[in-house]
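Residue numbers (this note's numbering): 3 to 296. Just so you know, even glycine gets a beta-carbon here, dropped at the ideal spot from N, CA and C. Presented below is the structure to which this report refers.
This is how it looks when you write it as structure tokens:
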């Protein structure tokens, strides 16, 4: 059993409940024990660092300090934005002067000795691929998947230190191990528009529309992603994109943990397929039943 502190992030308690629940379920099934940080708080998300760098780091450092109090030196989070903030804070806290300023804002000081990793990294580096294969009861045979990592999951490489920053393969390898056909997707690290959906919706329409178009061109039945904001822009806004660009996209966008959980035969109630805006049933219907797969 691999044990690690767990930071769910704010989206996991709201807009991406299905990501959090499926993450917890697949980790349990794969003998990864997630230990919740008590009284965790927002990492600052996208806006904080644009206002005050010290405050932004302190928001994440508060959570890192809680991990230190737990007696642990590693924490994992499903959200790439949270991961970026946690890793950035840990890096900045290595500087004594900056650490002093940030700790002045905290009740519990942070030493910056905690290593933050994505759940995807934890699974890739700590779970034997053969163990995953041995637990698959519903292979994803028959479905064509485009793996979309987004622009910050692996970048900047000197900070994130996981997978390749231009051609990451962790999700590709996982989906392949589950039996899916992973189609070559040339835009796997391109930006979806991120939080520009609020001030400049037109940017998200253009960038996410480009991704959906590329997915269609390579014959993808569905996308998988590891980012709540990417998932929201491609799934929730897909109808808006269709209207803005005069398109007819109908490509479901799964969290990779949802399809991993499906392949492991986990209860659909924890996978949250019903929360997807684009109906996933057509794509899931492409998956051959075990008897058909033979």
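Grab me the residues of residue i's own chain with a C-beta within less than 8 Å of its C-beta, minus the 5 sequence neighbours each way, in chain order.
i	result
residue 42	9, 10, 65 and 68
residue 222	146, 147, 148, 185, 187 and 253
residue 212	189 and 192
residue 16	none
residue 158	167
Quick check: residue i and residue j, are their CB atoms within less than 9 Å of each other?
i	j	result
residue 25	residue 82	no
residue 148	residue 225	yes
residue 76	residue 154	no
residue 60	residue 91	yes
residue 29	residue 63	no
residue 35	residue 72	no
residue 292	residue 135	no
residue 87	residue 120	no
residue 210	residue 236	yes
residue 165	residue 126	yes
residue 70	residue 116	yes
residue 203	residue 260	no
Residue i by DSSP, collapsed to three states: which one?
i	result
residue 190	coil
residue 296	The predicted model places residue 296 with a pLDDT of 48, which falls under 50 and marks its position as unreliable, so this point remains unresolved.
residue 42	coil
residue 126	helix
residue 222	coil
residue 70	helix
residue 227	strand
residue 29	helix
residue 11	coil
residue 171	coil
Kindly list the residues whose CB is nearer than 6 Å to the CB of residue i, restricted to its own chain and excluding five residues on each side of it in sequence; keep chain order.
i	result
residue 18	230
residue 44	12
residue 296	Per-residue confidence for residue 296 stands at a pLDDT of 48, beneath the threshold of 50, marking its modelled position as unreliable; the derived number appears in the next sentence. Here the set comprises nothing.
residue 290	143 and 144
residue 89	118 and 161
residue 251	214, 240 and 244
residue 100	94
residue 20	274 and 277
residue 283	none
residue 182	142, 145 and 147
residue 247	211
residue 128	4
Among the options, whose alpha-carbon lies nearest the alpha-carbon of residue i?
i	options	result
residue 286	264, 232 and 13	264
residue 238	269, 281, 201 and 266	281
residue 271	16, 156, 4 and 22	22
residue 192	203, 180 and 208	208
residue 273	262, 283 and 279	262
residue 130	242, 33 and 219	33
residue 169	175, 158, 190 and 176	190
residue 107	54, 201 and 167	54
residue 38	200, 74 and 163	74
residue 232	255, 283 and 133	255
Report all residues from its chain with a CB closer than 7 Å to the CB of residue i; omit the five preceding and five following residues, and keep chain order.
i	result
residue 188	216
residue 205	195 and 198
residue 178	184
residue 173	122, 149, 151, 226, 228 and 258
residue 31	137, 266 and 268
Pull the bridge partners of residue i from the DSSP assignment, please.
i	result
residue 119	78
residue 34	4
residue 147	184 and 224
residue 257	227
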